[in-house]
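Student: In my numbering, the protein residues as written are 12 to 437.
From the three backbone atoms N, C-alpha and C, an ideal C-beta is built for every residue, glycine too.
Quick one: this structure, given as structure tokens, is what I'll be asking you about.
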């Protein structure tokens with residue numbers, strides 16, 4: 012029994028891990044390409060990415076809200092409802108992508124100006140953001156298609172899609188950004204082309220897999236299905252707004268320190284993203300496994316699955332904390348240059364390591380709550396934790412205006428998330 016559960020966790024986690032690993036690694040390579048051009052381009056991309064990710068993480072409900080429900084409908088063999096839910100979600104993805112592009116097109120200059128950049132960085136950030144946002148509809152369609160496939164237990168397609176995105180993004184970034192000399196605009200356009208390619212692939216595979224599933228006879232209550240989609244989506248949307256605004260705040264405060272410090276914060280957060288993918292892969296996989304378990308009328312609490320998930324998380328948390336504490340400076344120098352090593356002291360290394368240790372449990376509980384269909388609690392704990400982190404960070408910055416203070420605020424937020432996440436799932 013234990014071996015079967017471990018196998019399920021592994022089969023559903025490793026493709027997600029590889030997908031999540033590729034995304035920040037490509038981001039770091041883009042940062043390296045930008046730093047080769049000049050520091051202004053690197054700073055511009057740091058600002059542009061912050062604004063971009065605020066928008067795309069607002070729509071993360073397309074992935075987080077879709078996977079558990081798809082798994083539940085598939086387990087219950089309610090295929091007609093499943094097909095309607097998938098089609099409806101895809102249409103919403105397209106509309107949201109197009110709408111987001113126009114919103115960012117109109118408001119990009121104002122949003123960039125809140126970081127108080129120099130005139131040239133403002134110009135470079137605007138170009139980067141515009142060309143990257145062209146690909147927003149394709150990004151969201153790809154996100155939705157791969158989320159559905161994970162719910163159907165075809166998690167490996169998520170990795171194949173990410174492989175297409177990563178390879179295309181690197182090649183196009185080098186070609187448009189460096190070879191043709193378009194700089195920040197070229198790097199942004201490369202991302203759009205990459206997600207265009209991946210969205211075609213993932214949508215094709217999804218349609219192919221759905222054709223293999225035999226139809227069912229149940230009636231579809233379309234208003235109820237739409238209500239379910241938006242109820243779950245609303246909670247996750249509110250959660251994403253608070254979380255992304257808090258992360259944007261951490262970047263924004265770094266930009267008010269100096270150009271070097273916003274570049275350093277950008278690199279640290281990219282490295283942090285690489286770190287947490289180990290547990291995020293398990294958390295995302297747990298949504299499908301827990302939803303499937305509950306659909307079979309099996310209680311999650313005190314189950315073998317719960318024990319195995321906690322064991323895996325504990326091992327990962329210790330590994331990441333120790334690795335970061337020892338090698339953080341080396342990683343920063345590799346991706347940002349030796350001039351950033353002056354900013355990496357013992358306190359900052361310790362704070363980043365602690366954030367990964369605590370964050371492992373916070374991320375796991377996110378997946379558990381969504382698998383248990385507790386999206387309201389999932390949203391509430393994030394709101395409380397981000398507000399706590401913001402208040403602590405704002406207070407400390409009055410007397411300690413440093414990068415370390417920003418990471419203290421992040422740690423406070425993660426601590427609240429991990430504690431509340433454990434309480435809410437009981």
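1) Shortest alpha-carbon distance to residue 106 belongs to which of 17, 150, 344?
2) Go ahead and pull the three-state DSSP assignment for residue 219.
3) Give the secondary structure of residue 319 by DSSP, where H, G and I count as helix, E and B as strand, and everything else as coil.
4) Touch check for the segment 41–61 and the segment 98–117: three-plus C-beta pairs under 8 Å?
5) Please determine, among 148, 17, 59, 206, the residue with the shortest C-alpha to C-alpha distance to residue 127.
6) Residues in the same chain with beta-carbon distance under 6 Å from residue 277, minus the five sequence neighbours each way, listed in chain order, please.
7) Hey, out of 193, 88, 156, whose CA is closest to residue 76's CA?
8) Using a Cβ-Cβ cutoff of less than 6 Å, which residues in the same chain neighbour residue 259 once the five nearest sequence positions on both sides are dropped?
9) Check whether the segment 12–26 and the segment 290–301 touch, using three or more Cβ-Cβ pairs below 8 Å as the test.
10) Taking all protein chains shown into account, decide if residue 54 is buried (16 or more other Cβ within 10 angstroms of its Cβ) or exposed.
11) Where does residue 303 sit, in a helix, a strand or coil, going by DSSP?
12) Kindly list the residues whose CB is nearer than 6 Å to the CB of residue 122, restricted to its own chain and excluding five residues on each side of it in sequence; keep chain order.
13) Would you mind reading off the limits of the alpha helix (DSSP H) that contains residue 236?
14) At a cut-off of 7 Å, would you count residue 104 as near the ligand FMN, judging by its Cβ distance to the nearest heavy atom?
15) Mind the definition here: the segment 366–386 touches the segment 403–415 only if three or more C-beta pairs lie below 8 Å; say whether that holds.
16) Between which two residues does the alpha helix (DSSP H) carrying residue 182 extend?
17) Between which two residues does the alpha helix (DSSP H) carrying residue 429 extend?
18) Taking the C-alpha atoms as reference points, what is the distance between residue 129 and residue 196?
19) Here's a check: name, in chain order, each residue in its chain whose Cβ is nearer than 6 Å to the Cβ of residue 266, leaving out the five neighbours to either side.
20) May I ask you to report which of helix, strand or coil DSSP gives residue 329?
21) Select from 67, 394, 101, 169 the residue whose C-alpha is nearest the C-alpha of residue 22.
22) Just verifying my parser: in three-state terms, what is the DSSP assignment at residue 309?
23) Can you confirm whether the segment 234–248 touches the segment 207–222 when touching is taken to mean that 3 or more C-beta pairs between the two stretches lie within less than 8 Å?
24) Given a threshold of 16 other Cβ atoms within 10 Å of its Cβ, counted over all protein chains shown, does residue 329 qualify as buried or as exposed?
25) Which of the three DSSP states is assigned to residue 272 in this structure?
26) Tell me which same chain residues have a C-beta within less than 8 Å of the C-beta of residue 321, skipping the five on either side of it?
27) If you draw a straight line from the alpha carbon of residue 186 to that of residue 369, how long is it in whole angstroms?
28) So, helix, strand or coil for residue 51, using DSSP?
29) Could you please give the first and the last residue of the uninterrupted alpha helix (DSSP H) stretch that includes residue 1?
30) Are there 16 or more other CB atoms within 10 angstroms of the CB of residue 222, so buried, or fewer, so exposed?
31) Report back the beta-carbon spacing between residue 148 and residue 109 to the nearest angstrom; my notes put them in contact at under 8 Å.
32) Taking all protein chains shown into account, do 16 or more other C-beta atoms lie within 10 angstroms of the C-beta of residue 411, making it buried, or fewer, making it exposed?
33) For residue 225, report the span of its alpha helix (DSSP H) as first-last.
34) So, under 8 Å CB-CB, residue 451 and residue 191 are touching, yes? Tell me the CB distance rounded to an integer number of Å.
35) With DSSP as the reference, label residue 88 as helix, strand or coil.
36) Rank 409, 247, 429 by C-alpha distance to the C-alpha of residue 325 and give the top, closest one.
Tutor: This is what the structure holds:
1) When only C-alpha atoms are compared, the closest one is 150.
2) Residue 219 falls in the helix class under three-state DSSP.
3) Correct three-state label for residue 319: helix.
4) No, they do not touch.
5) The residue among 148, 17, 59, 206 with its C-alpha nearest the C-alpha of residue 127 is 59.
6) Taken in chain order, the residues that qualify are 57.
7) The residue with the shortest Cα to Cα distance from residue 76 is 156.
8) Counting only residues of its own chain and dropping the five nearest sequence neighbours on each side, residue 259 has a CB closer than 6 Å to the CB of 61, 65.
9) Result yes; three or more Cβ-Cβ pairs closer than 8 Å.
10) Counting Cβ neighbours within 10 Å, residue 54 comes out buried, since at least 16 surround it.
11) Looking at residue 303 - three-state DSSP - the assignment turns out to be helix.
12) So the qualifying residues of the chain are 62.
13) Per DSSP, the unbroken alpha helix (DSSP H) holding residue 236 starts and ends at 233–266.
14) In terms of ligand content, the structure shown is empty, and the ligand FMN therefore cannot be addressed.
15) Counting C-beta pairs with one atom in each stretch, the segment 366–386 and the segment 403–415 have fewer than three that are closer than 8 Å, which means they do not touch.
16) Its alpha helix (DSSP H) spans residues 167–183.
17) Unbroken alpha helix (DSSP H) run through residue 429: 414–435.
18) Approximately 17 Å, taken between the alpha carbons.
19) Around residue 266: 126, 273.
20) Correct three-state label for residue 329: helix.
21) Of the candidates 67, 394, 101, 169, the one whose C-alpha sits nearest the C-alpha of residue 22 is 169.
22) Coil.
23) Under the 8 Å Cβ criterion, the segment 207–222 does not count as touching the segment 234–248, having fewer than three qualifying pairs.
24) Counting every other CB atom within 10 Å of its CB across the protein chains shown gives residue 329 a total below 16, marking it as exposed.
25) In the structure shown, residue 272 sits in a helix (DSSP, three-state: H, G or I).
26) Residues of the same chain with a CB within less than 8 Å of the CB of residue 321, apart from the 5 flanking positions on each side, are 375 in chain order.
27) About 40 Å.
28) Note: residue 51 maps to helix in three-state DSSP.
29) Residue numbering for the chain in the displayed model covers 12 to 437; residue 1 lies beyond these limits and cannot be assessed.
30) Sixteen is the threshold: since fewer than 16 other Cβ atoms of the shown chains lie within 10 Å of the Cβ of residue 222, the residue is exposed.
31) Indeed they touch by this definition, with Cβ atoms about 5 Å apart.
32) That one is exposed.
33) Note, residue 225: premise wrong, no alpha helix (DSSP H); not H, not E.
34) Nothing in the structure corresponds to residue 451, since the chain is present only between 12 and 437.
35) Correct three-state label for residue 88: coil.
36) Cα-wise, what sits closest to residue 325 is 429.
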